[in-house]
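A.B. asks: My questions all concern the structure below.
As structure tokens, this is what we get:
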């Protein structure tokens, strides 16, 4: 399979992540924040090796899996029908990972970085981008809302991806707002709203897919 511009852009972003991490390593303290709570306060510290290694390792794993899984997918013939959407999703995810690593490094170097606000806003933007792409994703086992009912019926798949796209966009906006206004909310309320948003993104399309499948009268699942 010929590698396109998106693939090499993703590889370049990963290499940039590695290079910046290597540059930052000697300047980082031996222990630095590697996890933050809802309020944006560091609640776990790790070694500087952990700080610079985990992000690039996860990004590389995502890159490798994106290539391997599409080759193993029984529905791999469909990838040509949404190649640009697939590229958009992968580049958006890799760019998000790059941004996340830069944020963690900047914080570790002592720069004034408000992790509690920056990261939720970035997550919200990612969800909005993915939500706009989902309606164009065709049946596959790697990307989109993949439940038995969508994989069993292309019509259920298409309609579910459209509804799922709407929920992701709305959920992304909600997460962005939570990030911006989190300091003004009680922590318990903020966490409850965040969990409700994430569960809605997952369960609304899932229940909708089940309802569509039952309505269609098809009985090939279960």
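Residue numbers (UniProt numbering): 1 to 222.
C-beta atoms are modelled at their ideal positions from N, C-alpha and C, and glycine is treated no differently.
A quick note: this is a predicted structure, and the numbers were derived from the prediction, not measured.
Roughly how many angstroms separate the alpha carbons of residue 223 and residue 172, rounded to a whole number?
C.D. replies: Residue 223 is absent from the model: the chain starts at 1 and stops at 222.
A.B. asks: Where does the unbroken alpha helix (DSSP H) through residue 120 begin, and where does it stop?
C.D. replies: Segment 115 to 133, the alpha helix (DSSP H) holding residue 120.
A.B. asks: Would you kindly work out how many angstroms separate the C-alpha atoms of residue 208 and residue 135, rounded to a whole number?
C.D. replies: So the two alpha carbons sit approximately 14 Å from each other.
A.B. asks: Could you name the residues of the same chain whose beta carbon sits closer than 6 Å to that of residue 163, not counting the 5 residues immediately before and after it, in chain order?
C.D. replies: Hits under 6 Å: 205 and 208.
A.B. asks: Shortest alpha-carbon distance to residue 120 belongs to which of 179, 203, 42 and 52?
C.D. replies: Residue 120 has its Cα closest to that of 179, out of 179, 203, 42 and 52.
A.B. asks: By alpha-carbon positions, which one of 62, 64 and 88 ends up nearest to residue 127?
C.D. replies: Minimum Cα distance to residue 127 is reached at 88.
A.B. asks: Starting from residue 187, trace the alpha helix (DSSP H) both ways and give me its first and last residue.
C.D. replies: Taken as a continuous stretch (DSSP letters only), the alpha helix (DSSP H) holding residue 187 covers 187 to 216.
A.B. asks: Going by Cα to Cα distance, which pick from 68, 185 and 30 is closest to residue 110?
C.D. replies: For residue 110, the nearest C-alpha among the options comes from 30.
A.B. asks: How long is the line joining the alpha carbons of residue 81 and residue 213, rounded to whole angstroms?
C.D. replies: Those two C-alpha atoms are separated by around 23 Å.
A.B. asks: Closer than 8 Å is the cut-off here; do at least three beta carbon pairs connect the stretch 5 to 21 with the stretch 49 to 67?
C.D. replies: Counting Cβ pairs under 8 Å, three or more are found: they touch.
A.B. asks: Where residue 37 and residue 215 are concerned, what is the direct C-alpha to C-alpha distance, given to the nearest angstrom?
C.D. replies: One C-alpha to the other measures close to 43 Å.
A.B. asks: Within its chain, find whatever has a CB closer than 7 Å to the CB of residue 165; leave out the 5 residues flanking it on each side and keep chain order.
C.D. replies: For residue 165, where only same-chain residues beyond five positions count, the Cβ hits under 7 Å are 131, 132, 134 and 135.
A.B. asks: By DSSP, does residue 53 sit in helix, in strand, or in coil?
C.D. replies: DSSP places residue 53 in helix when its eight states are reduced to three.
A.B. asks: Alpha carbons only, please: which of 62, 40, 61 and 24 is nearest the one belonging to residue 48?
C.D. replies: Among 62, 40, 61 and 24, the Cα nearest to that of residue 48 belongs to 24.
A.B. asks: Could you pull out every residue in the same chain whose Cβ sits closer than 8 Å to the Cβ of residue 139, ignoring the five residues on either side in sequence?
C.D. replies: Once the five neighbours on either side are set aside, the close Cβ partners of residue 139 are 75, 78, 150, 151, 154 and 157.
A.B. asks: Quick check on DSSP: helix, strand or coil for residue 30?
C.D. replies: DSSP places residue 30 in coil when its eight states are reduced to three.
A.B. asks: In whole angstroms, give me the CA-to-CA distance for residue 189 and residue 169.
C.D. replies: So the alpha carbons of these two residues sit roughly 22 Å apart.
A.B. asks: For residue 44, does the three-state DSSP call read helix, strand or coil?
C.D. replies: Residue state, collapsed to three classes: strand.
A.B. asks: Excluding the 5 residues preceding and the 5 following residue 143 in the sequence, name in chain order all residues of the same chain whose CB lies nearer than 7 Å to its CB.
C.D. replies: Result list for residue 143: 86, 89 and 137, in chain order.
A.B. asks: Near residue 193, what residues of its chain come up, given a Cβ to Cβ distance below 8 Å and the 5 sequence neighbours on each side ignored?
C.D. replies: Closer than 8 Å at the Cβ level, and outside the excluded window around residue 193, lie 174, 178 and 185.
A.B. asks: In terms of residue numbering, what span does the alpha helix (DSSP H) encompassing residue 14 cover?
C.D. replies: Counting along the chain, the alpha helix (DSSP H) containing residue 14 begins and ends at 5 to 24.
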